[in-house]
Amino acid sequence: MSSDASAAAASPMTNGSVPSGTGSHREADASNNPATASSTQHLQSLADVCADLNQRVTSFLTASPESEVVKRTQEQTRISIKVIEKALEDYDFNALSLSYNGGKDCLVLLILYLSTLHTHFTSQSAPTSHDATASVSSHPLSTTDTTISKFPTSIPSIYAKPPDPFPAVTSFVDSSSTQYHLSLTHIQTNPGTKPTTAKANSHSSPPTSPEKQRTQAFETETTQKDPSEAGRTITFRDAFAIYLHSHPSVRAIFVGTRRTDPHGSSLTHFDRTDGNWPDFMRIHPVIDWHLSEIWCFLRSPHLAPPNAENEDGEEKHLDYCTMYDEGYTSLGGVNDTLRNPHLKYTDETGQERYKPAYTLTEDDEERLGRE
Numbered sequence: 001m002s003s004d005a006s007a008a009a010a011s012p013m014t015n016g017s018v019p020s021g022t023g024s025h026r027e028a029d030a031s032n033n034p035a036t037a038s039s040t041q042h043l044q045s046l047a048d049v050c051a052d053l054n055q056r057v058t059s060f061l062t063a064s065p066e067s068e069v070v071k072r073t074q075e076q077t078r079i080s081i082k083v084i085e086k087a088l089e090d091y092d093f094n095a096l097s098l099s100y101n102g103g104k105d106c107l108v109l110l111i112l113y114l115s116t117l118h119t120h121f122t123s124q125s126a127p128t129s130h131d132a133t134a135s136v137s138s139h140p141l142s143t144t145d146t147t148i149s150k151f152p153t154s155i156p157s158i159y160a161k162p163p164d165p166f167p168a169v170t171s172f173v174d175s176s177s178t179q180y181h182l183s184l185t186h187i188q189t190n191p192g193t194k195p196t197t198a199k200a201n202s203h204s205s206p207p208t209s210p211e212k213q214r215t216q217a218f219e220t221e222t223t224q225k226d227p228s229e230a231g232r233t234i235t236f237r238d239a240f241a242i243y244l245h246s247h248p249s250v251r252a253i254f255v256g257t258r259r260t261d262p263h264g265s266s267l268t269h270f271d272r273t274d275g276n277w278p279d280f281m282r283i284h285p286v287i288d289w290h291l292s293e294i295w296c297f298l299r300s301p302h303l304a305p306p307n308a309e310n311e312d313g314e315e316k317h318l319d320y321c322t323m324y325d326e327g328y329t330s331l332g333g334v335n336d337t338l339r340n341p342h343l344k345y346t347d348e349t350g351q352e353r354y355k356p357a358y359t360l361t362e363d364d365e366e367r368l369g370r371e
């Protein structure tokens with residue numbers, strides 16, 4: 001899994017702070033962070049958010065493709081939806097979680113997950129023809145009361161947070177998690193620089209008991225409020241152990257890893273963790289997406305919010321982290337992330353500038369800004 005993906009195998013994880021209702025952070029006990037009433041009173045319900053996204057995804061899928069990349073992206077979207085549908089068939093909703101860090105790949109995954117949840121829960125709650133007629137006549141622009149009563153109110157999710165996040169990433173994670181009703185547990189990592197860290201952040205470490213790993217990681221989190229204290233190391237793997245210890249119902253986690261990410265080459269749509277990772281099923285709906293397809297999806301006008309405004313003459317599109325428009329193509333922490341050198345150019349005044357990330361199309365150039 002990549003650090004730009006929801007939960008990459010080689011990415012650092014985070015220990016212990018969750019956003020409060022005011023947008024600040026407090027020390028976490030690895031618990032969920034549902035939004036407060038003050039921050040959600042003007043938001044759509046999750047049911048309506050999912051219905052709106054489902055309508056937009058359907059519009060994207062039914063549009064006549066104007067290019068090969070759009071055609072490929074539509075096909076990738078259909079495949080990803082089928083993977084998510086299978087996950088919802090195999091697991092109860094409460095047994096599923098989502099790894100989310102605000103990156104482009106996990107944002108695509110999140111949009112598709114929410115869209116599919118609309119279909120999943122409305123098909124389960126389909127009323128009789130008489131009830132449907134009555135419901136449509138009384139609520140023509142919203143989901144039915146029957147559906148709303150069974151629809152979840154938030155999305156269980158984990159944010160494996162680097163020790164040095166960019167403020168822009170933090171801002172986007174906070175705003176998007178509120179917009180999309182994520183019950184997002186922040187767990188901050190301090191992966192350290194020891195030679196063993198690479199193994200702890202991959203899936204190649206020697207196997208140990210998953211329960212032992214969960215317990216050890218949880219004890220580390222509960223006894224250490226400051227990840228840097230005494231040089232303690234909290235790896236990406238540790239963060240998942242902490243999360244699963246405090247969320248024992250979770251059995252599978254959606255991850256935005258792609259084939260071209262580190263440790264992604266041999267993954268499938270469903271892969272159980274191995275080595276000494278805590279035991280859970282990793283679900284990879286976007287594993288076979290290419291960089292050009294990720295940006296085709298995120299910037300499609302069919303997926304733009306209804307109230308989105310055109311900026312600088314560009315077509316409307318989904319909101320994503322603003323750093324992507326500044327030449328960053330893969331987002332990690334402040335100390336290991338640079339603008340992509342392939343996007344650098346000199347403008348007419350002689351100043352050095354960077355093209356936006358969506359202009360890069362080659363997968364093997366995506367991580368050139370990562371150290």
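The sequence shown begins at 1 in the working numbering and counts up by one. Note that CB positions come from ideal geometry on N, CA and C, so glycine has one too.
Item                                                                                                                                  : Value
The segment 229-247 / the segment 72-81 touching (three or more Cβ pairs under 8 Å)                                                   : no
Cutoff 7 Å; reference residue 296; Cβ partners in own chain excluding five residues on either side                                    : 69, 70, 73
Residue 272 burial status per 10 Å Cβ neighbour count (16 or more: buried)                                                            : exposed
Nearest-angstrom Cα separation, counted from residue 241 out to residue 214                                                           : Bear in mind that a pLDDT of 43 at residue 214, under 50, signals an unreliable position, so the number given afterwards is only what the model happens to contain. Using only the alpha carbons, I get a separation of about 5 Å.
Contacts around residue 54, its chain only, beta-carbon distance under 6 Å, and the 5 residues preceding and following it disregarded : 115, 118
Status (buried if at least 16 other CB within 10 Å, exposed otherwise) for residue 104                                                : buried
Reference residue 357; option with closest CA among 351, 347, 323, 289                                                                : 323
Boundaries of the alpha helix (DSSP H) in which residue 44 is found, first to last residue                                            : Per DSSP, residue 44 belongs to no alpha helix (DSSP H) and is neither H nor E.
Alpha-carbon spacing of residue 64 relative to residue 302, whole angstroms                                                           : 11 Å
Beta-carbon proximity of residue 243 to residue 158, cut-off 8 Å                                                                      : yes
CB contact flag (residue 354, residue 332, <8 Å)                                                                                      : no
Beta-carbon contacts of residue 265 that lie in its chain and below 8 Å, excluding the five residues immediately before and after     : 259
Top-ranked residue by Cα proximity to residue 251, from 185, 160, 370, 95                                                             : 95
Paired residues, beta bridge with residue 252 - DSSP                                                                                  : 96, 281
Residue 186 (DSSP reduced to helix, strand or coil)                                                                                   : strand
CB of residue 361 within 8 Å of CB of residue 249, strictly                                                                           : no
Distance between beta carbons of residue 98 and residue 120, contact taken as under 8 Å                                               : With 8 Å as the limit, residue 120 and residue 98 do not qualify as a contact, their Cβ atoms being about 14 Å apart.
Residue of 59, 182, 112, 253 minimising C-alpha distance to residue 45                                                                : 182
Residue 350, buried or exposed, once every other Cβ within 10 Å from all chains shown has been counted against 16                     : exposed
Burial state of residue 335 (16 or more Cβ within 10 Å)                                                                               : exposed
Cβ distance (whole Å) where residue 49 is taken to contact residue 77 below 8 Å                                                       : Incorrect: roughly 18 Å between the Cβ atoms, too far for contact.
Residue 288 to residue 108 span [Cα, whole Å]                                                                                         : 13 Å
N- and C-terminal bounds of the beta strand (DSSP E) containing residue 161                                                           : 155-161
For residue 271, the three-state DSSP class (helix, strand or coil)                                                                   : strand
heavy atom of the ligand NAD below 7 Å from residue 241 C-beta                                                                        : Among the components of this structure there are no ligands whatsoever, and the ligand NAD is therefore not found.
Residue 345 burial status per 10 Å Cβ neighbour count (16 or more: buried)                                                            : exposed
Proximity to residue 102 [Cα-Cα], best of 189, 184, 43                                                                                : 184
Local conformation of residue 366 per DSSP, three classes                                                                             : coil
Buried/exposed call for residue 150, threshold 16 Cβ in 10 Å                                                                          : exposed
Local conformation of residue 316 per DSSP, three classes                                                                             : coil
Residues near residue 338 in its chain [Cβ-Cβ closer than 6 Å; skip 5 each side]                                                      : 369
Through-space distance from residue 325 to residue 352, alpha-carbon basis                                                            : 15 Å
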